[in-house]
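Everything on this sheet refers to the single structure shown next.
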Amino acid sequence: MISLIRIDDRLIHGQVAVVWTKHLGVNRILVANDQIVNNEVQKMSLRMAAPDTAKCAIMAVNDAGDVLNDPRSEAMKIMVIVNNAADARRLVEQVPAIKTLNVANFGRITDNLAAKTRISDTVYVTPEDVADFHAIAERGVNVEYQVLPSHPVKNLIEMLDNAAS
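Residue 165 is where the sequence shown ends in the UniProt record's numbering, and the numbering goes up by one at each step.
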């Protein structure tokens, strides 16, 4: 059912549309975001960025959770994308089937990057993000850092803890 849940600031872009969807063999991309669901221009842009091989749906976070919990979704290979840790936490709390969270390209799109802690070249976090990631991990979810499938998987919680010390 859920092939991957990923946090990525850009949601659907080249890495997601080409590399991840092909690697995972997904037939659905589900963007879960309460703001974008009400923005027709952003929705159109995301749908245009999605590959022809995967149907793209954009919905509010709670609605996405309902879809992911629906037994009919089990026959699909779904990649779920959110653009922030709080939305990922909400999905993890709503969908017990989520066992792994992939994080990359997160926290760089902001007016105040200097106020965030740099965890890697592609991940910058606030204290609220760190709390959300720890809450996700406490639910038994593996929180991983991996930019591309060809890159090694790293434990994001360890990276966060090392950055804090």
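By construction, the Cβ of each residue, glycine as well, lies at the ideal position given by its N, Cα and C atoms.
Taking CB distances under 8 angstroms as the criterion, tell me whether residue i reaches chain B.
| i | result |
| --- | --- |
| residue 25 | Among the protein chains of the structure shown there is no chain B, as only one such chain exists. |
Which residues in the same chain have their Cβ closer than 7 angstroms to the Cβ of residue i, if we skip the five residues on either side of it in sequence?
| i | result |
| --- | --- |
| residue 145 | 103, 104, 120, 123, 154, 156, 159 |
| residue 73 | 1, 67 |
| residue 10 | 105 |
| residue 8 | 16, 81, 83, 104, 105, 106 |
Let me know if residue i comes out buried or exposed under the rule of 16 or more other beta-carbons within 10 Å of its beta-carbon.
| i | result |
| --- | --- |
| residue 113 | exposed |
| residue 98 | buried |
| residue 109 | exposed |
| residue 107 | buried |
| residue 148 | exposed |
| residue 132 | buried |
| residue 125 | buried |
| residue 143 | buried |
| residue 61 | buried |
| residue 70 | exposed |
| residue 87 | buried |
Once you ignore the five residues that flank residue i on each side, which residues in its own chain have a CB closer than 8 angstroms to its CB?
| i | result |
| --- | --- |
| residue 3 | 24, 25, 26, 77, 78, 79 |
| residue 141 | 92, 98, 99, 100, 101 |
| residue 6 | 16, 20, 79, 80, 81, 82, 101, 102, 103, 104 |
How would you write the range of the alpha helix (DSSP H) that residue i sits in, first residue to last?
| i | result |
| --- | --- |
| residue 22 | 21-24 |
| residue 43 | 40-49 |
| residue 135 | 127-138 |
| residue 148 | No alpha helix (DSSP H) holds residue 148; DSSP gives it neither H nor E. |
| residue 68 | 61-69 |
| residue 218 | It is not possible to answer for residue 218, since the shown part of the chain is limited to 1 through 165. |
Spatial neighbours of residue i within its chain, please: C-beta separation below 6 angstroms, excluding the five flanking residues on both sides.
| i | result |
| --- | --- |
| residue 64 | 30, 32 |
| residue 21 | 51, 54 |
| residue 56 | 29, 47, 50 |
| residue 138 | none |
| residue 94 | 65 |
Hey, quick one: how far does the beta strand (DSSP E) through residue i stretch, first residue to last?
| i | result |
| --- | --- |
| residue 6 | 2-7 |
| residue 114 | Careful: residue 114 lies outside any beta strand (DSSP E) and carries neither H nor E. |
| residue 29 | 28-32 |
How is residue i classed by DSSP in three states: helix, strand or coil?
| i | result |
| --- | --- |
| residue 164 | helix |
| residue 79 | strand |
| residue 105 | coil |
| residue 17 | helix |
| residue 98 | coil |
Please say whether residue j and residue i have beta carbons closer to each other than 8 angstroms?
| i | j | result |
| --- | --- | --- |
| residue 89 | residue 136 | yes |
| residue 163 | residue 129 | no |
| residue 58 | residue 36 | yes |
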